[in-house]
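The structure under discussion appears below in the form of structure tokens.
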Amino acid sequence: MSPPRDSSPSPQRLPSIGISYQEAAIEQKMTLALLVAKEIINSLSWPILPTQTPTERQWQTTAGVLRVRAHYQLQAPVPSLRVVADFPQGGSLTLHAPEASTVSQRSQPGQLSVEAFDIEPNQSYCLEIQFHDSQQEPLTFAIFPQVKVERL
204 MSPPRDSSPS
214 PQRLPSIGIS
224 YQEAAIEQKM
234 TLALLVAKEI
244 INSLSWPILP
254 TQTPTERQWQ
264 TTAGVLRVRA
274 HYQLQAPVPS
284 LRVVADFPQG
294 GSLTLHAPEA
304 STVSQRSQPG
314 QLSVEAFDIE
324 PNQSYCLEIQ
334 FHDSQQEPLT
344 FAIFPQVKVE
354 RL
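To convert, take the position in the sequence shown, counting from 1, and add 203; that gives the working numbering.
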């Protein structure tokens with residue numbers, strides 16, 4: 204009979220500071236928490252510029268890889284924001300703008316798109332992604348159409 208094993212995970216060493224999180228001083232833990240928070244905010248905030256090619260992001264979800272492209276067009280007859288997503292399973296895509304919301308949905312894996320017009324630069328637009336047959340809350344992102352690059 205083998206000896207019982209400890210089910211608690213062994214502490215991982217943090218490469219940048221050479222110690223485990225549990226061994227870190229309070230100031231180091233606070234710094235790490237702020238860095239993690241910054242990474243989370245950056246991954247959920249999506250600044251885009253008016254370009255000829257769409258900006259693309261990918262996320263690994265429990266349903267599979269979700270690929271999303273956003274295209275901000277400033278030179279069109281009216282400024283527009285178009286979002287296209289490749290869903291690994293059925294779901295819905297919602298773009299919330301101040302004047303209106305646009306929803307697209309499908310029951311099977313595939314592509315969905317939404318578009319909003321009269322887009323104002325430097326204003327936040329909420330993008331919600333929901334998978335069908337999922338108990339989790341929708342994935343929510345903030346898209347920031349910009350005329351020039353700003354640091355978040």
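Cβ coordinates follow ideal geometry from the N, Cα and C atoms, glycine included.
Neighbourhood of residue i by C-beta distance below 6 Å, restricted to the same chain and skipping five residues each side
| i | result |
| --- | --- |
| F334 | A266, Q292, G294 |
| Y308 | Looking at the sequence itself, residue 308 is Gln, so the reference to Tyr does not match. S295, listed in sequence order. |
| T264 | none |
Minimum C-alpha distance to residue i - residue among the options
| i | options | result |
| --- | --- | --- |
| Y275 | Q326, L269, S304 | Q326 |
| L277 | K232, Q255, V239, V268 | Q255 |
| S283 | V268, Q231, T305 | T305 |
| P280 | G221, D321, Q311, Q338 | D321 |
| P324 | A300, K241, L237, V271 | A300 |
Span separating the alpha-carbon of residue i from that of residue j
| i | j | result |
| --- | --- | --- |
| V287 | P348 | 15 Å |
| I346 | A303 | 15 Å |
First and last residue of the uninterrupted beta strand (DSSP E) at residue i
| i | result |
| --- | --- |
| T256 | Run containing T256: none; DSSP gives neither H nor E here. |
Those runs of the beta strand (DSSP E) which lie wholly inside the stretch 273-345 and span at least 3 residues:
283-290, 294-299, 304-309, 313-320, 328-334
At 4 residues or longer, and completely inside the stretch 218-248: list those alpha helix (DSSP H) runs for me, N to C.
229-247
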